[in-house]
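Take a look at the structure below.
Protein chains: 2
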Amino acid sequence: MKNTTYKVKKSDEYLTKAKEVIPGGIFGHYKYAIRESGPKFFSKSEGAYFWDLDDNRYVDLMCGYGPSILGYNHPEVEEAYKVSADKGNTVSVASPVMVDLASKLVEMVDIADWALFGKNGGDATSLAVMIAREFTGKKKIIKIDDGYHGVAPWMQEKNRPGIITSDSEHVLKVKWNDSEALEQLLQKHGSDIACFISSPYDHPVSRDNSLAEEGYWKKVTALCKKYEVLTIVDDVRAGFRINLKGSNVAFAFSPDMICFGKAIANGHPLASLVGTNDLKKAAERVYFTGTQFFSAPPMAAAIATLNELEKADAPSVLIQYGKKLNSRLEKVASDKGFNLISSGIPSMPYYRLEGVTFETHIKWIDECVKRGVYMLAYHNHFISLAHSEEDIDFIEGAAKQAFENL
Amino acid sequence: MKNTTYKVKKSDEYLTKAKEVIPGGIFGHYKYAIRESGPKFFSKSEGAYFWDLDDNRYVDLMCGYGPSILGYNHPEVEEAYKVSADKGNTVSVASPVMVDLASKLVEMVDIADWALFGKNGGDATSLAVMIAREFTGKKKIIKIDDGYHGVAPWMQEKNRPGIITSDSEHVLKVKWNDSEALEQLLQKHGSDIACFISSPYDHPVSRDNSLAEEGYWKKVTALCKKYEVLTIVDDVRAGFRINLKGSNVAFAFSPDMICFGKAIANGHPLASLVGTNDLKKAAERVYFTGTQFFSAPPMAAAIATLNELEKADAPSVLIQYGKKLNSRLEKVASDKGFNLISSGIPSMPYYRLEGVTFETHIKWIDECVKRGVYMLAYHNHFISLAHSEEDIDFIEGAAKQAFENL
Numbered sequence: 017m018k019n020t021t022y023k024v025k026k027s028d029e030y031l032t033k034a035k036e037v038i039p040g041g042i043f044g045h046y047k048y049a050i051r052e053s054g055p056k057f058f059s060k061s062e063g064a065y066f067w068d069l070d071d072n073r074y075v076d077l078m079c080g081y082g083p084s085i086l087g088y089n090h091p092e093v094e095e096a097y098k099v100s101a102d103k104g105n106t107v108s109v110a111s112p113v114m115v116d117l118a119s120k121l122v123e124m125v126d127i128a129d130w131a132l133f134g135k136n137g138g139d140a141t142s143l144a145v146m147i148a149r150e151f152t153g154k155k156k157i158i159k160i161d162d163g164y165h166g167v168a169p170w171m172q173e174k175n176r177p178g179i180i181t182s183d184s185e186h187v188l189k190v191k192w193n194d195s196e197a198l199e200q201l202l203q204k205h206g207s208d209i210a211c212f213i214s215s216p217y218d219h220p221v222s223r224d225n226s227l228a229e230e231g232y233w234k235k236v237t238a239l240c241k242k243y244e245v246l247t248i249v250d251d252v253r254a255g256f257r258i259n260l261k262g263s264n265v266a267f268a269f270s271p272d273m274i275c276f277g278k279a280i281a282n283g284h285p286l287a288s289l290v291g292t293n294d295l296k297k298a299a300e301r302v303y304f305t306g307t308q309f310f311s312a313p314p315m316a317a318a319i320a321t322l323n324e325l326e327k328a329d330a331p332s333v334l335i336q337y338g339k340k341l342n343s344r345l346e347k348v349a350s351d352k353g354f355n356l357i358s359s360g361i362p363s364m365p366y367y368r369l370e371g372v373t374f375e376t377h378i379k380w381i382d383e384c385v386k387r388g389v390y391m392l393a394y395h396n397h398f399i400s401l402a403h404s405e406e407d408i409d410f411i412e413g414a415a416k417q418a419f420e421n422l
Numbered sequence: 017m018k019n020t021t022y023k024v025k026k027s028d029e030y031l032t033k034a035k036e037v038i039p040g041g042i043f044g045h046y047k048y049a050i051r052e053s054g055p056k057f058f059s060k061s062e063g064a065y066f067w068d069l070d071d072n073r074y075v076d077l078m079c080g081y082g083p084s085i086l087g088y089n090h091p092e093v094e095e096a097y098k099v100s101a102d103k104g105n106t107v108s109v110a111s112p113v114m115v116d117l118a119s120k121l122v123e124m125v126d127i128a129d130w131a132l133f134g135k136n137g138g139d140a141t142s143l144a145v146m147i148a149r150e151f152t153g154k155k156k157i158i159k160i161d162d163g164y165h166g167v168a169p170w171m172q173e174k175n176r177p178g179i180i181t182s183d184s185e186h187v188l189k190v191k192w193n194d195s196e197a198l199e200q201l202l203q204k205h206g207s208d209i210a211c212f213i214s215s216p217y218d219h220p221v222s223r224d225n226s227l228a229e230e231g232y233w234k235k236v237t238a239l240c241k242k243y244e245v246l247t248i249v250d251d252v253r254a255g256f257r258i259n260l261k262g263s264n265v266a267f268a269f270s271p272d273m274i275c276f277g278k279a280i281a282n283g284h285p286l287a288s289l290v291g292t293n294d295l296k297k298a299a300e301r302v303y304f305t306g307t308q309f310f311s312a313p314p315m316a317a318a319i320a321t322l323n324e325l326e327k328a329d330a331p332s333v334l335i336q337y338g339k340k341l342n343s344r345l346e347k348v349a350s351d352k353g354f355n356l357i358s359s360g361i362p363s364m365p366y367y368r369l370e371g372v373t374f375e376t377h378i379k380w381i382d383e384c385v386k387r388g389v390y391m392l393a394y395h396n397h398f399i400s401l402a403h404s405e406e407d408i409d410f411i412e413g414a415a416k417q418a419f420e421n422l
């Protein structure tokens with residue numbers, strides 16, 4: 017492997033152009049990811065790779081922040097999309113594909129007796145909270161300290177731009193993995209609390225990801241039941257990468273609702289909320305809709321995606337791959353005198369260099385990216401089924417050179 | 017034209033199946049539209065038509081509640097989608113297509129100096145409010161009494177299922193076309209008010225639609241300016257059917273931001289917020305994002321849609337068509353001893369039978385639908401460029417028979 021690094025001239029030129037017509041040039045989470053030496057725009061993508069505007073190829077360890085679980089441009093998914101799109105997209109009555117997808121989710125996901133659809137993970141989390149309030153007649157929400165459930169005002173910190181205090185007036189916070197603190201909160205506010213919302217494990221930014229401690233979820237669900245508080249799993253990020261029946265199944269607990277998004281349609285815009293029969297009537301009463309929610313082809317793409325994931329037994333394949341990738345990277349680090357910590361579920365690994373400054377860690381990531389492995393310094397990564405053994409070799413080679421250039 | 021009516025047996029069977037896995041069977045605005053004798057699911061669509069599961073053809077006067085502005089499955093739009101999709105959908109870095117679409121909107125829309133993107137109209141309206149709060153440092157919103165800006169909790173009535181009082185604590189309401197009431201509200205709360213949000217004309221459900229009175233918008237924008245309140249036009253529904261530069265241009269006023277959705281990509285899920293340079297920095301500070309927001313092909317479809325709309329001078333064609341349709345339907349009604357009132361912009365006509373009960377009006381609509389014209393009793397309709405002279409003849413024939421069967 018030659019020790020050459022990428023140039024990103026065309027990306028930079030396009031970013032300059034972008035800044036004229038888009039606030040910040042690139043907005044949202046993509047903006048935070050911009051690095052001087054990194055790619056800003058893609059020209060094409062296929063399987064585990066994308067190419068930037070300068071035609072540099074990247075082994076993509078971000079997978080579009082999750083959606084690409086089968087790999088980019090998966091033939092079965094794209095074919096299912098096309099067959100559905102030829103019939104119609106957003107039409108004045110619903111598509112039967114919506115029913116077929118709901119049936120598929122009900123069949124596949126352990127706790128699911130029904131499904132509703134939106135476009136983005138945040139649609140599902142906001143809807144879940146509304147249903148919890150309707151069902152319980154209570155107002156307050158408990159969430160994990162820096163748990164992320166979308167950008168809706170109730171979810172953002174009070175001091176964030178555009179957010180006002182009343183937006184999260186009824187949002188309480190608790191530390192991850194701290195069932196005692198949760199119990200205290202429930203003792204104090206239980207009669208006001210509609211739901212506890214959390215990802216199945218803690219995957220914050222800029223911090224090691226953290227799995228549930230033994231017995232945590234069992235205790236949480238028992239406490240929630242005791243205080244008549246609904247349990248909502250935000251599986252938008254981890255969904256389909258831990259267990260196809262719902263990530264909760266891997267941790268042996270049963271929530272009342274699960275939010276899905278990201279990987280559900282392998283990159284086609286779709287989100288879903290599923291829940292138990294107890295909540296079906298409340299879910300029917302809540303008014304939640306959007307013109308674009310009924311676009312049929314992403315739902316057809318979702319059915320194809322879920323079928324492919326089942327066929328491949330995707331979560332175990334992805335987790336095995338992640339384990340191998342983690343140990344290979346840890347070994348490379350160790351060989352070069354560094355200590356790389358992998359955390360979270362191996363199919364969504366978060367990396368951190370232990371015992372060096374965060375700047376050194378960032379520099380290492382930058383050097384990997386410049387050598388064709390797309391990674392982020394502050395965010396968990398994502399594995400797809402398209403990632404190959406050869407890709408691990410390539411990643412390893414780039415990582416090694418990156419260490420050598422610190 | 018034979019006086020035969022459609023059977024919807026297969027739609028009904030599918031609805032039964034749907035109720036097992038989706039709360040209510042069909043959710044959101046599609047659920048309200050369900051009529052015993054009407055279609056529930058589509059099997060295909062093309063141009064101005066969709067076919068239901070029983071293979072009945074409908075001349076579609078709802079256009080998917082707006083998206084289908086060029087007609088279903090428009091070849092140029094679908095081709096642009098495909099070219100973009102072949103390159104990649106939601107990828108780990110942004111698509112240059114996003115920049116191209118922002119440039120297109122900035123070039124086309126009068127007040128637009130920048131654009132941001134979401135999936136659904138409600139993303140754009142919520143973002144607009146957040147930006148207004150960030151820019152002004154003020155909290156309160158003024159909206160029109162029953163103006164609809166999506167299902168976000170701040171937008172829903174306090175007594176709606178799943179909604180809590182604090183959700184709309186800072187939302188004030190004013191009557192449409194009542195600039196004096198607005199002035200009083202501004203006098204009282206001006207120092208707390210961040211924005212005034214309204215559609216360019218009043219298009220509520222279950223009520224005649226109403227254009228702005230002479231001088232209304234001029235007065236509104238002057239008042240807002242005086243009290244340092246931003247003006248947000250929710251053009252999600254009317255956008256591109258009145259004036260491609262923004263519906264405000266037709267009414268000779270300039271808002272600070274405009275929300276687009278529905279028709280922007282002819283049925284592909286996309287929404288956009290555009291605004292003036294003054295707000296660009298505030299827009300950059302507000303954190304607003306979503307994994308599925310960056311799906312590139314709907315943006316490519318939007319560029320193609322906007323180009324086609326410009327080529328066709330779409331708004332004037334649609335308005336002319338609507339005028340003709342309205343007068344033909346009014347004539348048929350009159351011939352049969354009824355008084356049909358058309359209101360709103362002719363490219364989005366709202367119909368009401370005057371001097372009869374609402375039940376009779378509903379029955380007339382049902383009879384039209386049973387004869388192959390898809391209409392709603394309580395909602396404005398939508399015209400697309402695919403609607404032809406022959407379609408008017410067909411609609412007229414069905415409407416005539418519908419009157420004869422009241």
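Chains A and B, in that order, are what the protein sequence lines are.
Going by this note's numbering, the first residue of the first sequence is number 17, and it counts up by one from there.
Going by this note's numbering, the first residue of the second sequence is number 17, and it counts up by one from there.
For each residue, glycine too, the CB sits at the ideal point set by N, CA and C.
Given the structure is predicted, the values throughout are model-derived calculations rather than measurements.
Taking 7 Å as the limit between beta carbons, can you name the residues of its chain near residue i, skipping five residues before and five after?
| i | result |
| --- | --- |
| A110 of chain A | F310 |
| Y394 of chain B | V221 and S222 |
| D162 of chain A | P220 |
What is the C-beta distance between residue i and residue j, in whole angstroms, given that I count them as a contact (C-beta under 8 Å)?
| i | j | result |
| --- | --- | --- |
| I85 of chain B | A279 of chain B | 4 Å |
| G360 of chain A | N175 of chain A | 28 Å between Cβ atoms; not a contact. |
| N342 of chain B | P365 of chain B | 6 Å |
| H397 of chain A | M78 of chain A | 6 Å |
| P112 of chain B | Y232 of chain A | Wrong, their Cβ atoms sit about 45 Å apart, outside the cutoff. |
For the alpha helix (DSSP H) that residue i lies in, which residues bound it at each end?
| i | result |
| --- | --- |
| T321 of chain A | P313 to A328 |
| K47 of chain B | G44 to Y48 |
| I158 of chain A | No alpha helix (DSSP H) holds I158 of chain A; the beta strand (DSSP E) holding it covers K156 to I160. |
| N264 of chain A | S263 to A266 |
| D242 of chain A | In the sequence under discussion, the amino acid at residue 242 of chain A is Lys, which differs from the Asp named in the question. Element bounds for K242 of chain A: Y232 to K242. |
Ignore the nearest five residues each way along the sequence and tell me which others in residue i's own chain have a CB closer than 8 Å to its CB.
| i | result |
| --- | --- |
| F58 of chain B | F66, W67, D68 and L69 |
| T307 of chain A | T106 |
Whose CA, out of the options, lies closest to the CA of residue i?
| i | options | result |
| --- | --- | --- |
| T267 of chain A | A:K241, A:V236, A:I180 and A:A287 | It is worth fixing the name first, because residue 267 of chain A is Phe in this sequence and not Thr. Answer by Cα proximity: A:V236. |
| K154 of chain A | B:G134, B:S182 and B:D116 | B:S182 |
| A49 of chain B | A:A238, A:S108 and A:K56 | A:S108 |
| T21 of chain A | A:M391, A:E383 and A:K416 | A:E383 |
| M114 of chain B | A:L322, A:Y217 and A:F43 | A:F43 |
| L260 of chain A | A:R51, A:A64 and A:V122 | A:V122 |
| D139 of chain A | A:D250, A:D126 and A:L31 | A:D250 |
| T305 of chain B | A:Y164, A:V187 and A:N355 | A:Y164 |
| L117 of chain A | A:T321, A:K340 and A:R257 | A:T321 |
| K339 of chain B | B:T152, B:A328, B:E324 and B:I357 | B:I357 |
| L227 of chain B | B:A287, B:N193, B:N355 and B:G54 | B:N193 |
| L422 of chain B | B:A330, B:F354, B:K234 and B:N136 | B:F354 |
| M146 of chain A | A:S363, A:K296 and A:D407 | A:K296 |
| V245 of chain A | A:L202, A:Y217, A:N282 and A:S215 | A:L202 |
Report all residues from its chain with a CB closer than 6 Å to the CB of residue i; omit the five preceding and five following residues, and keep chain order.
| i | result |
| --- | --- |
| C441 of chain B | Residue 441 of chain B is absent from the structure shown; chain B starts at 17 and stops at 422. |
| F410 of chain A | V75 |
| P169 of chain A | I179 and D183 |
| E199 of chain B | L239 |
| I274 of chain A | V249, D251, G262 and V290 |
How far does the beta strand (DSSP E) with residue i in it reach, from first residue to last?
| i | result |
| --- | --- |
| R368 of chain B | Y366 to E370 |
| T247 of chain B | L246 to D250 |
Quiz item: If you measure beta-carbon to beta-carbon, which residues of the segment 166 to 198 of chain B are closer than 8 Å to chain A?
Solution: Across the segment 166 to 198 of chain B, CB contacts with chain A closer than 8 Å involve G166, V167, A168, P169, W170, Q172, R176, P177, G178, I179, I180, S182, E185 and H186, in sequence order along the chain.
Quiz prompt | Residues of the segment 297 to 308 of chain B whose Cβ lies closer than 8 Å to any Cβ of chain A, in chain order | solution = K297, A298, A299, E300, R301, V302, Y303, F304, T305, G306, T307 and Q308
Quiz item: What are the residues of the segment 71 to 99 of chain B that lie near chain C, defined by any Cβ-Cβ distance shorter than 9 Å?
Solution: Considering every chain present, this structure includes no chain C. Its protein chains are A and B.
Quiz item: What are the residues of the segment 365 to 395 of chain A that lie near chain B, defined by any Cβ-Cβ distance shorter than 7 Å?
Solution: Y390
Quiz prompt | Residues of the segment 101 to 114 of chain A whose Cβ lies closer than 8 Å to any Cβ of chain B, in chain order | solution = A101, D102, K103, G104, N105, T106, V107, S108, V109, A110, S111, P112 and M114
Practice problem: Return the residues of the segment 27 to 51 of chain B that lie within a Cβ-Cβ distance of less than 7 Å from chain A, sorted by chain order. | Solution: If you check each beta-carbon in the segment 27 to 51 of chain B against every beta-carbon of chain A, the ones closer than 7 Å belong to Y30, K33, A34, V37, I38, P39, G40, I42, F43, G44, H45 and Y46.
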